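Residue numbers (the numbering used here): 490 to 875. From the three backbone atoms N, C-alpha and C, an ideal C-beta is built for every residue, glycine too. Source: prediction; values computed, not measured.
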Amino acid sequence: MNLFTIPLRNLGRRPLRTLLLCAVFTIGVMSVVSIQLLSTVVGNSLEEKMSKFGANILITPKTESLSVSYGGLDLGNVAYGSHELQGTPVLKAVRSIELKERLSAVAPKFAAISKVKDQQVAVVGVSMADELNIKTHWYPLGRFPEKPNEIVIGFTAATILGLNPGDTIEIEGNKLLTAGILDPTGTEDDNVIFMDIDLLRNSVGRPGAVHFIEVAALCAGCPIDEIVQQIVKAVPGVEVKALQHVVKQRMSAISFVNQMAWTVSGVILLTACFMIGLSIFSAVNERKTEIGLMRSLGFSTGAVFSIFCLEALLMGCISGILGYLGGFFASGKILENLNMGEAEIVFDPLAFGLTFLAVSGLAVLSATIPSLRATRVDPSRTLVSL
């Protein structure tokens with residue numbers, strides 16, 4: 490009989506209570522692990538999906554407006570200043586800022602009104618590769634343009650013009666092939682035609698001009714204010730607007746999921762720890778005679794303290810292993826029920842090890858106060874009672 494066999498025998502003497510405590514602690518750990526894994530996956534999924542809705546920084550020419558009135562009659566506003574950006578220098582400056590690695594896409598735009606099939610239609614020149622990095626929610630009937638003489642048309646514009654994929658139309662003297670028609674997006678994209686920006690600019694005699702630039706910053710920890718300041722510094726004389734409501738919406742949704750997960754996890758763990766502590770308290774009260782005999786046989790207070798802490802440690806180790814594995818597999822099943830089976834949960838040995846150590850430490854911590862109470866049992870009173 491030694492310090493290691495006594496806890497094992499004590500746990501084995503009451504298998505039902507031991508199994509019940511391990512089950513409760515395991516369920517608590519499993520809930521915490523599954524919630525944390527799910528919050529991470531769902532948070533990343535939310536971030537990815539919300540990032541698909543476009544840019545969060547807009548660069549436009551800096552213009553001023555003057556309100557004009559005379560004799561009490563309001564004559565309206567007069568805007569003055571440049572209405573175009575010099576595309577190449579501005580794009581080069583934006584893509585060379587210090588935080589350029591935080592930029593996921595930089596997409597220039599040039600807009601014009603053109604006559605197509607005797608109807609006035611808005612035509613937007615884009616760099617298709619850059620545009621698709623921002624408009625990842627676009628899904629075409631057909632395909633996306635691969636050549637300068639190919640276009641993609643918004644759903645409403647295609648309906649009005651009676652166009653289908655494969656049709657050829659003429660814009661500003663250029664015969665263009667309709668590569669695809671966008672599915673309805675519910676945005677202004679439904680009403681315009683998208684074509685190659687260089688071809689459109691050259692056709693209207695404005696080579697190199699850009700009306701505005703959309704910039705999409707990576708959402709995870711994106712320092713939008715710093716990015717805006719660096720763009721303003723790199724490209725003086727332009728208007729840089731941060732669509733903060735988009736970024737705040739993204740970050741608040743992800744933050745809410747994480748905060749909710751941590752709150753629920755804390756409550757579950759606290760409840761499990763209280764149950765471990767109450768169990769050890771109960772064991773100390775039931776085994777006062779046994780503790781007194783051990784003290785009279787030469788066991789020190791430290792040894793008595795270690796026996797009860799080791800009992801809690803063993804339950805914590807078992808619960809930590811079973812709880813993490815159970816939470817890992819349970820989170821996968823939950824994702825399947827949420828129709829998110831494509832989201833992959835990867836087993837992380839480091840997270841498993843940290844969870845094992847944390848759960849074991851919490852179990853020992855929960856048993857500390859009742860174990861200290863066991864060390865205060867007076868062996869002389871125990872012997873007298875016998």
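Could you tell me how far apart the beta carbons of residue i and residue j are, in whole angstroms, since I believe they sit closer than 8 angstroms?
| i | j | result |
| --- | --- | --- |
| Ile-623 | Ala-646 | Ile-623 to Ala-646, Cβ: 19 angstroms. No contact. |
| Val-756 | Thr-864 | Going by Cβ atoms, the distance from Val-756 to Thr-864 rounds to 31 angstroms, so no, they are not a contact pair. |
| Val-613 | Ala-594 | Incorrect: roughly 16 angstroms between the Cβ atoms, too far for contact. |
| Ile-716 | Ile-546 | 7 angstroms |
| Ile-658 | Thr-667 | 7 angstroms |
| Lys-606 | Leu-650 | 5 angstroms |
Express the C-alpha separation of residue j and residue i in angstroms, rounding to a whole number.
| i | j | result |
| --- | --- | --- |
| Arg-498 | Phe-845 | 23 angstroms |
| Gly-631 | Asp-679 | 16 angstroms |
| Ser-849 | Leu-827 | 32 angstroms |
| Lys-551 | Val-721 | 11 angstroms |
| Arg-506 | Ser-771 | 11 angstroms |
| Ile-686 | Arg-695 | 10 angstroms |
| Leu-592 | Ile-702 | 13 angstroms |
| Val-699 | Phe-836 | 48 angstroms |
| Thr-549 | Leu-758 | 52 angstroms |
| Leu-861 | Lys-589 | 58 angstroms |
| Val-773 | Ser-789 | 16 angstroms |
| Gly-560 | Leu-574 | Bear in mind that the predicted position of Gly-560 carries a pLDDT of just 48, short of 50, making it unreliable; the figure below should be weighed with that in mind. Roughly 37 angstroms separates the two Cα atoms. |
| Gly-812 | Ile-495 | 25 angstroms |
| Ser-744 | Ile-780 | 50 angstroms |
| Lys-581 | Ala-705 | 16 angstroms |
| Val-866 | Glu-825 | 54 angstroms |
| Tyr-569 | Glu-728 | Confidence at Tyr-569 is low in this model, with a pLDDT of 49, below 50, so its placement is unreliable and the value that follows should be read with caution. Spanning the two alpha carbons is a distance of roughly 14 angstroms. |
| Phe-876 | Ser-795 | Nothing about residue 876 can be read from this structure; the chain reaches only from 490 to 875. |
| Val-518 | Gly-726 | 56 angstroms |
| Val-724 | Glu-677 | 28 angstroms |
| Pro-504 | Ala-512 | 12 angstroms |
I'd like to check one pair, residue j with residue i: are the Cβ atoms closer than 8 angstroms?
| i | j | result |
| --- | --- | --- |
| Ala-611 | Ile-602 | yes |
| Ser-534 | Met-829 | yes |
| Asn-663 | Leu-688 | yes |
| Ile-769 | Ala-801 | yes |
| Gly-669 | Val-693 | no |
| Leu-803 | Leu-500 | yes |
| Leu-671 | Gly-643 | yes |
| Leu-665 | Asn-691 | no |
| Glu-587 | Gln-719 | yes |
| Pro-859 | Phe-797 | yes |
| Val-521 | Ser-754 | yes |
| Cys-762 | Leu-843 | no |
For chain C, is any of its Cβ atoms less than 8 angstroms away from the one on residue i?
| i | result |
| --- | --- |
| Asn-691 | Considering every chain present, this structure includes no chain C. It has just one protein chain. |
(request) Let me know the alpha helix (DSSP H) ranges lying completely inside the segment 755-837, each 4 residues or longer, listed in chain order. (result) Segments of the alpha helix (DSSP H) lying fully in the segment 755-837: 777-785 and 790-826.
(request) Entirely within the segment 567-630 and at least 4 residues each: give me those alpha helix (DSSP H) ranges in chain order. (result) Here the runs fully enclosed are 576-583 and 617-623.
(request) Just list the beta strand (DSSP E) runs in the segment 635-666, keeping only unbroken ones of 3 residues or longer that don't cross its boundaries, in chain order. (result) Those beta strand (DSSP E) runs which fall completely within the segment 635-666 and span 3+ residues are 639-642 and 657-660.
(message) Taking 8 angstroms as the cut-off, does the segment 813-820 touch the segment 850-859 (at least 3 CB pairs, one atom from each stretch)?
(response) Contact fails: fewer than three Cβ-Cβ distances are below 8 angstroms.
(request) Can you check the segment 682-730 for any beta strand (DSSP E) of at least 3 residues that lies completely inside it and give the ranges in chain order? (result) Counting whole runs of 3 or more residues, the segment 682-730 contains the beta strand (DSSP E) stretches 701-706.
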